[in-house]
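Only one structure is covered here, and it is reproduced in the block below.
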Amino acid sequence: MDSIAITGGTRLNGEIPISGAKNSAIKLMVASLLTEEPLRLTNMPRLRDTRFLGQLLQHLGTNITESDGPDGPESVLHTRTIRSHFATYDLVRQMRASFNVLGPLVARNGQAKVSLPGGCAIGGRPVDLHLKAIEALGVTIDLHEGYVYAQAPRGLKGADIEFPIVSVGATEHAMLAAVLAKGVTRLGNAACEPEIEDLADCLNAMGAQVEGAGTPVITITGVKKLHGASHAVITDRIEAGTYAVAAAMAGGEVRLTNTRADLMEALLVKLEEAGVGVTRLNDGVVIKRNGARLKAVNIDTAPYPGFATDLQAQFMTLMTLAEGESVIRETIFENRFMHAAELARLGADITVSGSEARVRGVDHLEGAPVMATDLRASVGLVIAGLVATGETTVSRVYHLDRGFERLEDKLNACGAEVRRIHGDGIDE
Ligand code: EPZ
11 MDSIAITGGT RLNGEIPISG AKNSAIKLMV ASLLTEEPLR LTNMPRLRDT RFLGQLLQHL
71 GTNITESDGP DGPESVLHTR TIRSHFATYD LVRQMRASFN VLGPLVARNG QAKVSLPGGC
131 AIGGRPVDLH LKAIEALGVT IDLHEGYVYA QAPRGLKGAD IEFPIVSVGA TEHAMLAAVL
191 AKGVTRLGNA ACEPEIEDLA DCLNAMGAQV EGAGTPVITI TGVKKLHGAS HAVITDRIEA
251 GTYAVAAAMA GGEVRLTNTR ADLMEALLVK LEEAGVGVTR LNDGVVIKRN GARLKAVNID
311 TAPYPGFATD LQAQFMTLMT LAEGESVIRE TIFENRFMHA AELARLGADI TVSGSEARVR
371 GVDHLEGAPV MATDLRASVG LVIAGLVATG ETTVSRVYHL DRGFERLEDK LNACGAEVRR
431 IHGDGIDE
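This is the structure in C-alpha cells:
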C-alpha cells in the first residue's frame, strides 16, 4: 500500500489548476445509462473513484473511451443496451455512489438488482431515502440477502416526493430515475449543492426537463427517451477549498484557477475571519497569508450553501495552529472526526464530544507517522504535514487517490515537498 511523505516547513507559492468535481463526475457517468446514444463528458477528473465506477458501468454494458481533447480530459460513455442489471456487493461496497445505478437501470430497463452499500468510515449512511423516492416513482422494491430487487415492468410514474432531511445522493438518485417517468415529479426539500445543478444541466442537455435544480424544489417532467449530449463537469469546489486551506496553513500566495469562488463562499468567509487574505477572481481565487498567526473561528457543517462537511477535516487541521479555541460542529455525518486522533499524534490539542470538537491552537505540530481513515481526513493530514516539523508519513493513501488528482504534483509545483512511497518502499 502506498504512503505519502511530507517534509514540512515550506511556504506555498504559485498556481494550482482545479479539476472537475469527483462528486459530480460520478453521477454524470451514471446518467449515461439513461440513453442508447453517447454522452461526452469534458473536464473529467481522472481518479480512483471515476475509474472504479467506469468498471461497474462497463459491466452493465457501457463502452467508455477516454482521451485528452481540446477541452482537457474527456470521457465518452456509450450504453447501446443494458447488458446486465446486476451490481454486486463487491462493486457497490467499494464505492457507495455506485448504488445510484439502481434508478437509471430500472427506469430504462424495468428491473435492477443492486447490493445495499452498508456503512462506512464516516457514519452509518443508510439509503432509506433513496429507496422511498424510487418506490414513490412506482417501482416495486424488495430486499433479500443484502440486495435490492427493483421492478417496474410498465415504467415509472411521476410523484410528489418530500424529503424529510436534505440528502445529496437521494435527490440525485430521484432525478436520475424521474427523468424517464411518465408525468411530473416534484422533489421537495431537495439538496441545493452545485453538483445537483450540474446533473440537471447535463440531463437537460440530454433532452430531459428538469427545473429548479439548485433550489429546494425541483420539478421534473418525464420524457420517453433521452439522447446523447456533451457536457463539461463542474469545477471541484472541495478540491479548490482544500488547496485554499493548504495555502492558508503553509503561508505564501496561491492562485487557484479553473474554479469558482462563489461555490466556496462559506469557506472563504471563515478563512477571512481567521485572518487569511482572499481575493475573488472571475476564474478562481487567490489565497494569501503572511507570517501572522491565525485566529480561531468556529464552524458548523451544513448542507450547501453552508460550510461543507467535506472541508471539515481540512479546516480542523488549520485550526490546530490558530490562536485560541475553535468549536467545530459536524451536523451531517455522525462519525466524521476520525482525523482528530491522528492530528493529536502530530501534537494537536483536540477534544471530541459527540458531534462537537474543540480545537485549542498549539504553537507547532511535529511530524509523525499517521493513518488516513477517509478521503477528506487523509488530505487534512497532508495539510498538517506541510507545516509540521520534520517528516509526516500518511499511510493508506488509497483514500486520497479516490478524490484528489495528482495531489503531489499540484502541491510540489507550489514549492511543497511531498513524495509518494510505493508499497514496495520505492520513493517517487
Ligand atoms: C454526498 O454524499 C457526497 N458524496 C459526500 O462526499 C458529502 O459529504 C455528502 O454528499 C454531503 O455533502 C458523493 O457525492 C459521492 P447525503 P451522500 O445523502 O449523498 C443521511 C466525499 O468525501 N441519509 O447528503 O451520501 C446520511 O446518513 C463524500 O467526497 C439518510 O439518512 O450524502 C447523512 O447523515 C463523503 N438516508 C445525511 O443524510 C439516506 O437515504 C446527508 O447525506 C441518505 C442519506
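Going by my numbering, the residue at position 85 of the sequence shown is 95; the numbering climbs one at a time, nothing skipped. We put the CB at the ideal spot given by N, CA and C, even for glycine.
Extent of the continuous alpha helix (DSSP H) run through residue i
i, result
"E182", "178-188"
"L115", "112-119"
"D419", "417-422"
"L410", "408-413"
"L277", "275-284"
"T327", "322-329"
"E3", "With the chain running from 11 to 438 in the structure shown, residue 3 is simply not present."
"H140", "138-146"
Cut-off 8 angstroms between Cβ atoms - residues of its own chain near residue i, not counting five sequence neighbours on either side
i, result
"I28", "T245, D246, E249, A250, Y253, L266, T267, N268, T269, G294"
"R135", "R106, P127, G129, F343"
"E20", "According to the sequence provided, residue 20 is Thr. The question's Glu does not apply to it. Within the same chain, T20 has close Cβ partners A260, L396, G425, A426, E427."
"Q324", "G251, T252, V255, A256, R386, V389, G390, I393"
"Q104", "F62"
Same chain only: Cβ atoms within 6 angstroms of residue i, ignoring 5 sequence neighbours per side
i, result
"K37", "E182, L209"
"T60", "A35"
"G400", "G377"
"L273", "P204, R247"
Where residue i sits in the DSSP three-state scheme
i, result
"K37", "helix"
"M381", "strand"
"R290", "strand"
"L51", "strand"
"T245", "strand"
"V255", "helix"
"I442", "Any property of residue 442 remains undetermined from this structure, which presents the chain solely from 11 to 438."
"I393", "helix"
"F317", "strand"
"A122", "strand"
"D170", "strand"
"R270", "coil"
"R21", "coil"
"K32", "helix"
"L236", "coil"
"A250", "helix"
"R135", "coil"
"R164", "coil"
"A387", "helix"
"A107", "helix"
Residue i versus the options, residue with shortest Cα-Cα distance
i, options, result
"T319", "K298, S365, I14", "S365"
"L43", "F62, A187, A332", "A187"
"T45", "G334, S34, R118, H374", "R118"
"P163", "Q121, R196, E172", "Q121"
"G224", "G232, S13, S240, M185", "M185"
"E207", "A146, H241, G395, A257", "H241"
"D347", "G148, E25, D373, S388", "Position check: residue 347 holds Phe in this sequence, whereas Asp was assumed. Per the Cα distances, S388."
"N308", "L141, I230, V337", "V337"
"L102", "T341, V124, A358", "The identity of residue 102 in the sequence shown is Val, whereas the question assumes Leu. If we check each option's Cα against that of V102, V124 comes out closest."
"K192", "G148, N300, E335", "G148"
"T150", "P174, G156, L112, D170", "L112"
"Q219", "R339, T231, C212", "T231"
"G165", "H154, E203, K234, T98", "K234"
"T9", "T75, E275, P80, G71", "Absent from the model: residue 9. The displayed extent of the chain is 11 to 438, so no value can be given."
Close beta carbons around residue i, own chain, < 7 angstroms, minus the five adjacent residues each side
i, result
"S177", "L139, A201"
"R355", "A378, V380"
"H237", "T45, E47, M216, G217"
"A312", "T341"
"A169", "A146, L147, T195"
"E415", "S29, P55, R56, L57"
"A398", "G18, L356, L375, E376, G377"
Endpoints, beta strand (DSSP E) assigned at residue i
i, result
"V428", "427-431"
"Y157", "157-161"
"I206", "Unbroken run through I206 is the alpha helix (DSSP H), 204-215; no beta strand (DSSP E)."
"A242", "239-242"
"V227", "Where V227 is concerned, there is no enclosing beta strand (DSSP E), given that its DSSP letter is neither H nor E."
"L63", "Run containing L63: none in the beta strand (DSSP E); it sits in the alpha helix (DSSP H), 58-70."
"R339", "335-339"
"I92", "I92 -> no beta strand (DSSP E), and no H or E assigned at all."
"A367", "366-370"
"R103", "It is not in any beta strand (DSSP E) - R103 instead sits in the alpha helix (DSSP H) that spans 99-104."
"N300", "No beta strand (DSSP E) holds N300; DSSP gives it neither H nor E."
"S42", "From DSSP, S42 is part of no beta strand (DSSP E); its letter is neither H nor E."
"I151", "150-154"
"D359", "359-363"
Any chain B beta carbon closer than 8 angstroms to residue i
i, result
"N110", "Looking for chain B here will not work: only one protein chain is present."
Stretch pair the segment 276-290 + the segment 45-55: three plus CB contacts closer than 8 angstroms: no
Contact between the segment 404-418 and the segment 382-393: three or more CB pairs below 8 angstroms? yes
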